[in-house]
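S.K.:
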Amino acid sequence: MNVFVQLLASKLVEPAPRISATKFDVEDNVGESIHIHLRNLRLEMSIEDFEHFADNLTAAHRELTNGNR
Amino acid sequence: MGIVETTLSEFDLSELAPCKIEQDTSGIIHLHLGSFRIEVTPEEFEDIVHVVEEGRGELRTIKNGEPVDNTPPHVDDTATDHAEDGPRTTTLSAAQQQTLRETFVALDAHDIPYAVLRSYDELPEALVGSDVDILVDAARYDDAVAVCQARFEPSVPRIDNLLYIAGIAARKPLLTLRTLVTSPSDVASFIKRRLFASNFGSRDYIARSFSQENLSVELVNHLAYASPLDGSMIRTAASVEQGMLARRLDHGVFYGPAPADELTHLIARGVYDHNGVFPERYVARCDHLRELVYSDSQSAVTFETLLADLFYGAAPLVSALVAAGEYNCIWPRLVSHDGY
Numbered sequence: 445m446n447v448f449v450q451l452l453a454s455k456l457v458e459p460a461p462r463i464s465a466t467k468f469d470v471e472d473n474v475g476e477s478i479h480i481h482l483r484n485l486r487l488e489m490s491i492e493d494f495e496h497f498a499d500n501l502t503a504a505h506r507e508l509t510n511g512n513r
Numbered sequence: 174m175g176i177v178e179t180t181l182s183e184f185d186l187s188e189l190a191p192c193k194i195e196q197d198t199s200g201i202i203h204l205h206l207g208s209f210r211i212e213v214t215p216e217e218f219e220d221i222v223h224v225v226e227e228g229r230g231e232l233r234t235i236k237n238g239e240p241v242d243n244t245p246p247h248v249d250d251t252a253t254d255h256a257e258d259g260p261r262t263t264t265l266s267a268a269q270q271q272t273l274r275e276t277f278v279a280l281d282a283h284d285i286p287y288a289v290l291r292s293y294d295e296l297p298e299a300l301v302g303s304d305v306d307i308l309v310d311a312a313r314y315d316d317a318v319a320v321c322q323a324r325f326e327p328s329v330p331r332i333d334n335l336l337y338i339a340g341i342a343a344r345k346p347l348l349t350l351r352t353l354v355t356s357p358s359d360v361a362s363f364i365k366r367r368l369f370a371s372n373f374g375s376r377d378y379i380a381r382s383f384s385q386e387n388l389s390v391e392l393v394n395h396l397a398y399a400s401p402l403d404g405s406m407i408r409t410a411a412s413v414e415q416g417m418l419a420r421r422l423d424h425g426v427f428y429g430p431a432p433a434d435e436l437t438h439l440i441a442r443g444v445y446d447h448n449g450v451f452p453e454r455y456v457a458r459c460d461h462l463r464e465l466v467y468s469d470s471q472s473a474v475t476f477e478t479l480l481a482d483l484f485y486g487a488a489p490l491v492s493a494l495v496a497a498g499e500y501n502c503i504w505p506r507l508v509s510h511d512g513y
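Residue numbers (my numbering), protein chains in the order written: chain A, 445 to 513; chain B, 174 to 513.
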């Protein structure tokens, strides 16, 4: 983590995005890509990458919970 | 801003690298995806893991060809147009024929680009199906509405639009209630747009009907097809509808789409609006259009380009099935397609 951080601009924003504030969808956009919508953020990845991403999320979760769940 | 305590996972994705999942000393989880970083609580992270896992399970089920319900889960609001394979043909009265002719002449006189989308072979003497569907240049949609309002009975909010709104509320009651409470102006705007859309700009898909006895004309400002998710009308790429209007053909009394555009439209309509089950009349028409398209190299190139605009990386698959005349295989093959 960088110690030398200088604030360049700042503004208080809404606590949740006005668009898609409660959305969390995983979609198969056939012929195109897998979309992961988390609120107003969208991640796009191939099926192969999605498998890899899911593998690593699961591994991280296992590490986090240390096998306790 | 916590100090990283634990690295939980490190990996690369083909278009996002490096990726890393870390937990800091305050317990916050950091998802590093390339140069982006998302910070979530452990509880939020657990939700992410579970939803992504659920999505992966469903994807594997679908792509591995296990039995799936091939019927899109939306209610088709165009059922009257395709429920029967043999469409209703209505001989139009002399007055109705005259109204149609005058309408087309007026659209031309006002330089309003349009194309009758389908089932136009017997126009203006007879109407095949439930109505005359006309795509109008979105920028001139209100002018086209004025042309029709001057010649047909006053339009009223379409019953299927009312049903569409009611359907959303029925399918997602909690979301509807929450949206009503938190964003009432958005809800009011949506309802206005859906029911009286031509007064509210042209960003969204608009369909308005006009009638004279049993003759019905429907004007749409964009090409759009029913989403397999919820039946909402999803617009195609702008190039698809712009191309259709630019390439339209003069049929004497009216303009219709070029073969490549009409074939693409019928394929999309069969797949999305008709739940993947092509009515017999669509099969016959697609067979005819396919011969025309593939007998002309430029038309064939246009068709392949249009398929790519509609079906992305699955376009070669759709093209091959169209070439083989296997239209009803398109929907299930798209569902199981995994080449992307």
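Using N, Cα and C, we set each Cβ at its ideal position, and we do this for glycine too.
Everything numeric in this text was worked out from a predicted model, so none of it was measured.
Starting from the C-beta of His479(A), find all residues in its chain whose C-beta is less than 6 Å away, skip the five residues before and the five after it, and write them out in chain order.
M.R.: Hits under 6 Å: Glu471, Asn473, Arg486 and Glu488.
S.K.: The region 478 to 491 of chain A: which residues have C-beta closer than 9 Å to a C-beta of chain B, in chain order?
M.R.: Listed in sequence order: Ile478, Ile480, Leu482, Leu485, Leu487, Glu488, Met489, Ser490 and Ile491.
S.K.: Would Leu501(A) count as contacting chain B if we go by Cβ distances under 8 Å?
M.R.: Cβ-Cβ to chain B under 8 Å: yes for Leu501(A).
S.K.: So what's Glu414(B) in DSSP terms, helix, strand or just coil?
M.R.: Here Glu414(B) sits in helix by DSSP.
S.K.: DSSP three-state label for Thr509(A), please.
M.R.: DSSP places Thr509(A) in helix when its eight states are reduced to three.
S.K.: Is the distance from the Cβ of Arg381(B) to the Cβ of Ala397(B) below 8 Å?
M.R.: Cβ distance not < 8 Å, so Arg381(B) and Ala397(B) don't count as in contact.
S.K.: Kindly indicate which residue of Asn448(B), Arg420(B) and Phe184(B) has the alpha-carbon position closest to the one of Cys192(B).
M.R.: With distances taken between Cα atoms, Cys192(B) lies closest to Phe184(B).
S.K.: When the Cβ atoms of the region 467 to 477 of chain B are set against those of the region 187 to 205 of chain B, are three or more pairs found closer than 8 Å?
M.R.: Touching, no, given that fewer than three Cβ pairs across the two stretches are closer than 8 Å.
S.K.: Quick one: measure Cβ to Cβ for Val289(B) and Gly443(B), integer angstroms, because I've assumed they're closer than 8 Å.
M.R.: Not confirmed; about 18 Å, so no contact.
S.K.: Within 8 Å of any Cβ in chain B, is that where the Cβ of Ala504(A) sits?
M.R.: Closer than 8 Å to some Cβ of chain B, the Cβ of Ala504(A) qualifies, so yes.
S.K.: Could you check which residue in Ile285(B), His461(B), Leu436(B) and Glu219(B) has the C-alpha nearest to that of Ala504(A)?
M.R.: Closest option to Ala504(A), Cα to Cα, is Glu219(B).
S.K.: Return the first residue and the last residue of the beta strand (DSSP E) that Ala311(B) is part of.
M.R.: Segment: none, Ala311(B) is in no beta strand (DSSP E) and carries neither H nor E.
S.K.: Would you tell me roughly how many angstroms separate the C-alpha atoms of Leu232(B) and Tyr513(B), rounded to the nearest one?
M.R.: C-alpha separation (whole angstroms): 13 Å.
S.K.: List the whole-angstrom C-beta distance separating Asp446(B) from Ala399(B), where the pair is believed to meet the contact cut-off of C-beta under 8 Å.
M.R.: With 8 Å as the limit, Asp446(B) and Ala399(B) qualify as a contact, their Cβ atoms being about 5 Å apart.
S.K.: By the 8 Å beta-carbon criterion, what residues does the region 196 to 230 of chain B contribute toward chain A?
M.R.: Cβ contacts with chain A: Gln196, Ile202, Leu206, Ile211, Pro215, Phe218, Glu219, Asp220, Ile221, Val222, Val224, Val225, Glu226, Glu227, Gly228 and Arg229.
S.K.: Would you tell me roughly how many angstroms separate the C-alpha atoms of Arg458(B) and Thr466(A), rounded to the nearest one?
M.R.: Between Arg458(B) and Thr466(A), the C-alpha separation is close to 44 Å.
S.K.: For Ala488(B), which residues of its own chain have a beta-carbon under 6 Å away from its beta-carbon, when the five flanking residues on both sides are left out?
M.R.: So the qualifying residues of the chain are Leu480 and Ala481.
S.K.: Please state whether the Cβ-Cβ distance between Glu298(B) and Gln322(B) is less than 8 Å.
M.R.: Cβ distance not < 8 Å, so Glu298(B) and Gln322(B) don't count as in contact.
S.K.: Do we get a CB-CB distance below 8 Å when we pair Ala487(B) with the residues of chain A?
M.R.: It does: the Cβ of Ala487(B) has a partner Cβ on chain A nearer than 8 Å.
S.K.: Could you list which residues in chain B have their beta carbon closer than 7 Å to that of Phe448(A), in chain order?
M.R.: Under the 7 Å cutoff, chain B gives no residues; its nearest Cβ is about 13 Å from Phe448(A).
S.K.: Do you know whose CA, among Ile202(B), Asp511(B), Asp306(B) and Leu280(B), lies nearest Arg313(B)'s CA?
M.R.: If we check each option's Cα against that of Arg313(B), Leu280(B) comes out closest.
S.K.: Could you pull out every residue in the same chain whose Cβ sits closer than 6 Å to the Cβ of Ala453(A), ignoring the five residues on either side in sequence?
M.R.: Answer for Ala453(A): no residue qualifies.
S.K.: Residues of chain B with CB closer than 8 Å to the CB of Glu507(A), please, in chain order.
M.R.: By Cβ distance, chain B contributes Thr179, Leu181 and Ser182.
S.K.: Any beta carbon from chain B within less than 8 Å of Val474(A)'s own beta carbon?
M.R.: Yes, its Cβ sits closer than 8 Å to a Cβ of chain B.
S.K.: By the three-class DSSP mapping on this structure, what secondary structure does Asn500(A) have?
M.R.: Correct three-state label for Asn500(A): helix.
S.K.: When the Cα atoms are used, what is the spatial distance from Ser412(B) to Ser405(B)?
M.R.: Approximately 21 Å, taken between the alpha carbons.
S.K.: Taking just the CA atoms, how far does Leu436(B) sit from Gly425(B)?
M.R.: The straight-line gap from Cα to Cα measures roughly 21 Å.
S.K.: Can you find the residues in the same chain that come closer than 6 Å, C-beta to C-beta, to Tyr455(B), ignoring five residues on each side of it along the sequence?
M.R.: Result list for Tyr455(B): Leu439 and Gly443, in chain order.
S.K.: For Leu418(B), collect the residues of the same chain with a Cβ closer than 8 Å to its Cβ; drop the 5 residues on either side in sequence, then sort them by chain order.
M.R.: If we look at Leu418(B) and ignore the five residues flanking it on each side, its Cβ neighbours are Pro286, Tyr287, Ala288, Leu308 and Asp310.
S.K.: Determine the direct distance from the alpha carbon of Leu483(B) to that of Ala410(B), and round the result to whole angstroms.
M.R.: About 7 Å.
S.K.: Who are the neighbours of Tyr513(B) on chain A, taking C-beta pairs under 7 Å?
M.R.: Under the 7 Å cutoff, chain A gives Gly475, Glu476, Ser477, Ser490 and Ile491.
S.K.: Counting only beta-carbon separations shorter than 8 Å, does Ile503(B) have a partner in chain A?
M.R.: So, not an interface residue.
S.K.: Comparing C-alpha positions only, which one of Val450(B), Leu402(B) and Thr475(B) sits nearest to Gln415(B)?
M.R.: Nearest C-alpha to Gln415(B): Thr475(B).
S.K.: Tell me, to the nearest whole angstrom, how far the beta carbon of Val222(B) is from that of Leu501(A); I am working on the premise that it is less than 8 Å.
M.R.: That pair is a contact at about 5 Å.
S.K.: Nearest chain B C-beta to Leu451(A) closer than 8 Å, yes or no?
M.R.: Answer no: the Cβ-Cβ gap between Leu451(A) and chain B never drops below 8 Å.
S.K.: Interface residues of chain C around Glu495(A) at Cβ under 8 Å?
M.R.: The structure shown contains no chain C; the protein chains it does contain are A and B.
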